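When you line the sequence shown up against my numbering, it's residues 81 to 259, in that order.
Backbone N, C-alpha and C define an ideal beta-carbon position, used for all residues, glycine too.
Quick caveat: nothing in here was measured; it's all calculated off a predicted structure.
All remarks here apply to the structure that follows.
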Amino acid sequence: MLRRVVPPLKPLLAVGTPPHGRSTLPFTGHNLLQHQLRLSPIKPPLTGSRLLCTSQDLTIKKCVPCNAGELRAMTEEAASEFMSKVPGWKLENEGGTLKLNRSWKVKSFTKGLDFFQAVAEVAEAEGHHPDLHLVGWNNVKIDIWTHAVGGLTENDFILAAKINMLDLQHLLRRKATVV
Numbered sequence: 081m082l083r084r085v086v087p088p089l090k091p092l093l094a095v096g097t098p099p100h101g102r103s104t105l106p107f108t109g110h111n112l113l114q115h116q117l118r119l120s121p122i123k124p125p126l127t128g129s130r131l132l133c134t135s136q137d138l139t140i141k142k143c144v145p146c147n148a149g150e151l152r153a154m155t156e157e158a159a160s161e162f163m164s165k166v167p168g169w170k171l172e173n174e175g176g177t178l179k180l181n182r183s184w185k186v187k188s189f190t191k192g193l194d195f196f197q198a199v200a201e202v203a204e205a206e207g208h209h210p211d212l213h214l215v216g217w218n219n220v221k222i223d224i225w226t227h228a229v230g231g232l233t234e235n236d237f238i239l240a241a242k243i244n245m246l247d248l249q250h251l252l253r254r255k256a257t258v259v
């Protein structure tokens, strides 16, 4: 039985991630998967690993460069299948362009800027940059889509999953409890 051990995001990003998100980690393909999942080196390489993709799997993946030429925008049906892997995000069709979006209320204007700084660090490490909006003084909204293909790719879901892993609770307003 394999037991998943996923390292915290912050240390993973801090090691081997130069500017502009191009990883220098000494892992590739099966080696990276083996390292992340702590698989025995005597087991054969996994094939079809995307068939068992969970939100945790997305957080160990790396965004691929948009200029790879292989990226194509997802269909709405394909994007809908990925939505369960990024809880809290909404699928939006804006004039024929599919996007992920999510909103939060922060404690203050400066907490909103701190929120964006935390997101920016992840985005920069991935080399995939969302649209960040600070509306009013305490409403933050993030739109994620791959501009180069005019829609959603797996990169967008990878980034959303990694944003979900961030510890941002100290920046957010507390919801009122109903008595």
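Review point. Should Val227 be labelled buried (16 or more other beta-carbon atoms within 10 Å of its own) or exposed?
Key: To locate residue 227, count along the sequence shown from 1; it is residue 147. The question names Val, yet the displayed sequence has His at residue 227. Classification for His227: exposed.
Review point. Say the cut is 7 Å; is the CB of Asn244 nearer than that to a heavy atom of the ligand SAH?
Key: You won't find the ligand SAH in this model; it holds no ligand whatsoever.
Check your understanding: What do you reckon, are the CB atoms on Leu138 and Ala241 nearer than 8 Å?
Key -> Translated into the one-based positions of the sequence shown, residue 138 becomes position 58. Translated into the one-based positions of the sequence shown, residue 241 becomes position 161. Yes. Within cutoff.
**Study point:** Simplified DSSP assignment, three categories, for Glu150
**Key:** Taking the sequence shown and counting its residues from 1, one reaches residue 150 at position 70. In the structure shown, Glu150 sits in coil (DSSP, three-state: anything other than H, G, I, E or B).
Review point. Among Glu234, Leu248 and Met154, which has the Cα closest to the Cα of Cys143?
Key: As a first step, residue 143 is located in the sequence shown; it is residue number 63 there, counting from the start. Just measuring C-alpha positions, the residue of Glu234, Leu248 and Met154 sitting nearest Cys143 is Glu234.
**Study point:** Closest residue to Val229 among Pro145, Leu151, Trp217 and Lys141 (Cα-Cα distance)
**Key:** The count along the sequence shown starts at 1 and reaches residue 229 at position 149. The option with the nearest alpha carbon to Val229 is Leu151.
Review point. Which of the three DSSP states, helix, strand or coil, is assigned to His208?
Key: Residue 208 sits at position 128 when you count from the first residue of the sequence shown. His208 falls in the coil class under three-state DSSP.
Review point. CA-CA distance, Gly176 and Asp223?
Key: Residue 176 sits at position 96 when you count from the first residue of the sequence shown. Residue 223 sits at position 143 when you count from the first residue of the sequence shown. As the crow flies, the alpha-carbon of Gly176 is around 15 Å from that of Asp223.
**Study point:** Start and end residues, beta strand (DSSP E) containing Lys242
**Key:** By one-based count along the sequence shown, residue 242 stands at place 162. Note, Lys242: premise wrong, no beta strand (DSSP E); alpha helix (DSSP H) at Glu234 to Met245.
**Study point:** Burial state of Lys170 (16 or more Cβ within 10 Å)
**Key:** Residue mapping note: residue 170 aligns to position 90 of the sequence shown, counting from 1. Counting the other CB atoms within 10 Å of its CB gives Lys170 a total below 16, which places it among the exposed residues.
Check your understanding: In three-state terms, what does DSSP make of Val202?
Key -> Along the sequence shown, one-based indexing puts residue 202 at 122. Here Val202 sits in helix by DSSP.
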